[in-house]
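Right, one structure below, let's go through it.
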Amino acid sequence: MINSESEDTDLVFYDENLFGLDPLFHIHCKLFIVDVLNLSPYPTLPGVYCYKNHPIFKVDIMGIIVNCQEKDRNFILRVDDGTGLISCCIWKEKVEAGDNDFRSLLPESLRLKAHSLHPVFNHGEMVHIRGKIKSYKAPVSSASAEIARMFQRPYLYKTVYDQTLVLAPEVQKLQLKTDDIRTRLKPLENVMKELLADITVFTIKTIKEHDILHRIKDILGIDQSLEYVECMMNKVLKQMELQGLICSRSDIANSTYESLLNPGTDLNLLIMDIIKKEAYNGNEHGCSLKTLRSSLEKTSQYTDISDVAVNCCLDQLESNSNIIKITSTFFMPT
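In UniProt numbering, the protein residues as written are 1 to 334.
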């Protein structure tokens, strides 16, 4: 029976001279691993352990190998019998001086047979191990943690994992509002893409000159104020910037953007020049994304260029067969 916490407190521990009178002292006791791990040192003799007040120093265990480490002189096995894990040291056969010379004189078939006599341990195998108990300063695995987890998981499945996710009412309202904004921005984004397909560098003033506000107002409705229309236009530009369709320029006035909708943009041409320069300098792996970013940030135009904009341009150049993607972060000109 697995050792219980409600043990007798009135146990009598005997002197080592009387250990021989206990039959358990002479045999390999067949214990659960959890009980072996819970054995405490016998008060009257170091190196001997006690189960109740029985002196024990040899045990017999059987379990499954869950880990095996082979070293020069031994095997270290981790054995699991369902109640706990314990480390077992299996010593290899000691090779005496001259044994290697003797074995080298044997025919190859006998040498292979002699080598096959060495024990082989594999994960998942059942092993039966008998030996002496040794303690060492290291964390001891306990079955209680695994058992507690086994009881905890069904409760978590029932009360948490199997329950349908339902957002709070406030979050649902916010989500509906966000979806409504996205729905209203989509046609505005299409109008903006149509306009910016023929424009490279632009400002808010440039867009207004193309009568874009009236087109946006027609989509939103005639009852919308001009301030609301401008606000929606700014949201569309912000959304397009997050998608990498446009990027801000730092070499001109504030609120200046560059359209990346066509392959002839200044950013595309600059990226091509940087990749070609790296290739011509003898870099056999091509231009790395890190080098490309560093070169762009040193320019006056793109000190704050976003990763999304760079990736968008690289995808355009690759789709037009201007560059070849060697790896996910290296590029070569065609």
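By construction, the Cβ of each residue, glycine as well, lies at the ideal position given by its N, Cα and C atoms.
Among residues of its own chain, excluding the 5 on either side of Thr159, which ones have a beta-carbon nearer than 6 Å to its beta-carbon?
Along the sequence shown, read from residue 1 onward, the residue named residue 159 stands at position 159. Contacts found: none.
Report the option in Leu267, Glu241, Asn268, Pro263 whose CA atom is closest to the CA atom of Ser255.
Reading the sequence shown from its first residue, position 255 is the one you call residue 255. If we check each option's Cα against that of Ser255, Glu241 comes out closest.
Verify whether the separation of the beta carbon atoms of Lys52 and Cys29 is less than 8 Å.
Here residue 52 is taken as the residue at index 52 of the sequence shown, counted from 1. Here residue 29 is taken as the residue at index 29 of the sequence shown, counted from 1. Not in contact: Lys52 and Cys29 (Cβ atoms no closer than 8 Å).
Using the DSSP secondary-structure output, state which residues sit across from Asp80 in a beta bridge.
Sequence index remark: in the sequence shown, residue 80 carries index 80 (1-based). Bridge partners of Asp80: Ile64, Leu85.
Determine the direct distance from the alpha carbon of Thr299 to that of Ile326, and round the result to whole angstroms.
Along the sequence shown, one-based indexing puts residue 326 at 326. Along the sequence shown, one-based indexing puts residue 299 at 299. Rounded to the nearest angstrom, the two C-alpha atoms are 25 Å apart.
Would Ile90 and Asp80 be called neighbours here (beta carbons separated by less than 8 Å)?
Position 90 of the sequence shown holds residue 90. Position 80 of the sequence shown holds residue 80. No; because the gap between Cβ atoms is not below 8 Å, this pair is not in contact.
To test your reading of the DSSP string, which unbroken beta strand (DSSP E) runs of 3 or more residues are found completely within the region 119-199?
126-132, all fully within the region 119-199.
Rounded to whole angstroms, what's the CA-CA distance from Thr183 to Asp162? Just pull it up for me.
As a first step, residue 183 is located in the sequence shown; it is residue number 183 there, counting from the start. As a first step, residue 162 is located in the sequence shown; it is residue number 162 there, counting from the start. For Thr183 and Asp162, the distance between alpha carbons rounds to 32 Å.
So if DSSP puts Ile56 in a beta bridge, which residue, or which two residues, is it bridged to?
As a first step, residue 56 is located in the sequence shown; it is residue number 56 there, counting from the start. Tyr49, per the DSSP bridge assignment.
Secondary structure at Ser306, three-state DSSP: helix, strand or coil?
For the purposes of this step, residue 306 is taken as the residue at position 306 of the sequence shown. Coil.
Please name the residue in Tyr49, Asp10, Ile212 whose C-alpha comes closest to that of Leu39.
For this step, residue 39 is matched to residue 39 along the sequence shown. Among Tyr49, Asp10, Ile212, the Cα nearest to that of Leu39 is on Tyr49.
Between which two residues does the alpha helix (DSSP H) harbouring Glu258 extend?
Locating residue 258 in the sequence shown gives position 258, counting from the first residue. That residue, Glu258, is in no alpha helix (DSSP H); its beta strand (DSSP E) goes 256-259.
By Cβ distance, which residues of its chain are closer than 6 Å to Phe330, with the 5 residues on each side in sequence left out?
By 1-based counting over the sequence shown, the position of residue 330 is 330. Excluding residues within five positions, the ones whose Cβ falls inside 6 Å are His285, Gly286, Ser288.
Looking at C-alpha atoms only, which residue of Leu261, Ser321, Ile129 is the closest neighbour of Leu31?
In the sequence shown, residue 31 corresponds to position 31, counting from 1. Comparing Cα positions, the closest option is Ile129.
Compare the beta carbon distance of Leu270 and Tyr257 with 8 Å and say whether it is the shorter of the two.
Counted from its first residue, the sequence shown places residue 270 at position 270. Counted from its first residue, the sequence shown places residue 257 at position 257. Contact: no.
Among the candidates Asn281, Ile212, Thr291, whose CA atom is the shortest distance from the CA of Val191?
Along the sequence shown, one-based indexing puts residue 191 at 191. Closest by alpha carbon: Ile212.
Can you tell me whether DSSP reads Pro263 as helix, strand or coil?
By one-based count along the sequence shown, residue 263 stands at place 263. In the structure shown, Pro263 sits in coil (DSSP, three-state: anything other than H, G, I, E or B).
On the three-state DSSP scale, how would you describe Asn74?
Residue 74 sits at position 74 when you count from the first residue of the sequence shown. Here Asn74 sits in strand by DSSP.
Using the three-state DSSP reduction, which class does Thr299 fall into: helix, strand or coil?
Position 299 of the sequence shown, counted from the start, is the residue given in the question as residue 299. Looking at Thr299 - three-state DSSP - the assignment turns out to be coil, as it is neither helix nor strand.
Please classify Val34: does DSSP put it in a helix, a strand, or coil?
Taking the first residue of the sequence shown as position 1, residue 34 is located at position 34. Note: Val34 maps to helix in three-state DSSP.
If you measure between the beta carbons of Leu21 and Ile56, is that distance less than 8 Å?
As a first step, residue 21 must be located in the sequence shown, where it is residue number 21. As a first step, residue 56 must be located in the sequence shown, where it is residue number 56. Not in contact: Leu21 and Ile56 (Cβ atoms no closer than 8 Å).
I'd like to know if the region 199-206 and the region 171-185 are in contact, where contact means that at least 3 CB-CB pairs between them fall below 8 Å.
Contact between the region 199-206 and the region 171-185 is absent, because fewer than three Cβ pairs lie under 8 Å.
Ala145: buried (16+ other C-beta within 10 angstroms of its C-beta) or exposed?
For the purposes of this step, residue 145 is taken as residue 145 along the sequence shown, with counting starting at 1. Under this definition Ala145 is an exposed residue.
Going by other Cβ atoms of all chains shown within 10 Å of its Cβ, with 16 needed for buried, is Tyr42 buried or exposed?
Taking the first residue of the sequence shown as position 1, residue 42 is located at position 42. Result: buried.
Measuring only the C-alpha atoms, how far is Asp60 from Pro154?
Sequence index remark: in the sequence shown, residue 60 carries index 60 (1-based). Sequence index remark: in the sequence shown, residue 154 carries index 154 (1-based). Using only the alpha carbons, I get a separation of about 34 Å.
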